[in-house]
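Residue numbers (this note's numbering): 6 to 163. Shown next, in structure tokens, is the structure this report addresses.
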Ligand SMILES: Nc1ncnc2c1ncn2[C@@H]1O[C@H](COP(=O)(O)OP(=O)(O)OP(=O)(O)O)[C@@H](O)[C@H]1O
Ligand SMILES: [Mg+2]
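Spelled out as structure tokens, the structure:
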């Protein structure tokens with residue numbers, strides 16, 4: 006099964022998901038392996054409104070763009086390296102394909118001050134390690150939008 010990219014149909018995800026290999030579960034989502042690759046997972050939202058998958062897709066799009074040298078913006082090379090990569094989302098947002106991380110075994114591996122304040126969910130199970138050993142957040146569906154959007158919360162505004 007090829008890795009999915011971008012916005013693809015829910016049916017494509019249903020063909021790629023390995024339902025015999027559940028990687029994890031939370032209150033909103035079930036997380037499964039992907040047929041034919043161990044590098045990614047598929048997060049299946051169980052809610053009527055697939056908020057967490059949608060927010061992760063949105064956040065990944067923003068942090069990965071921060072690496073770019075966009076006119077008038079200082080490139081931020083670091084941010085994308087702190088987030089598990091999202092590669093595809095389904096039309097309804099029920100399914101999201103994300104880089105697979107390994108669980109963190111001890112809180113000693115995690116330095117929370119390295120991560121943005123606007124992440125609302127900072128439990129240990131929200132973080133994991135990539136094959137190169139870097140610690141990344143893999144559950145970033147709960148964002149404090151009040152913190153992000155209020156210019157008075159930032160050093161320079163608006
Ligand atoms: N990218 C990933 N790679 C490997 N395992 C993952 C990944 N994303 C999630 N998991 C596993 O699946 C579990 C549930 O995923 P996630 O935390 O994203 O769902 P959730 O419904 O938002 O959970 P919660 O209710 O805890 O906030 C995680 O605790 C983790 O064990
Ligand atoms: Mg969550």
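Virtual Cβ for every residue (Gly too), placed ideally from N, Cα, C.
Cβ-heavy atom distance, residue i to ligand 1, below 7 Å
i	result
residue 156	no
residue 106	yes
residue 89	yes
residue 48	yes
residue 133	yes
residue 36	yes
residue 33	yes
residue 57	yes
Alpha-carbon spacing of residue i relative to residue j, whole angstroms
i	j	result
residue 65	residue 85	8 Å
residue 121	residue 41	34 Å
residue 149	residue 22	30 Å
residue 45	residue 35	14 Å
residue 7	residue 88	22 Å
residue 160	residue 25	48 Å
residue 118	residue 127	11 Å
residue 141	residue 67	16 Å
beta-carbon residue i near ligand 2 non-hydrogen atom, thresh 7 Å
i	result
residue 146	yes
residue 29	no
Contacting residues, own chain, Cβ-Cβ under 8 Å from residue i (five flanking each side not counted)
i	result
residue 99	15, 18, 49, 50, 55 and 58
residue 125	147, 148 and 149
Residues that residue i bridges to, as DSSP identifies them
i	result
residue 75	Its beta-bridge partners do not exist; DSSP assigns none.
residue 108	133
residue 100	49
residue 13	95
residue 141	133
residue 124	148
residue 27	37
Contacts around residue i, its chain only, beta-carbon distance under 7 Å, and the 5 residues preceding and following it disregarded
i	result
residue 95	13, 14, 15 and 18
residue 129	109, 112 and 115
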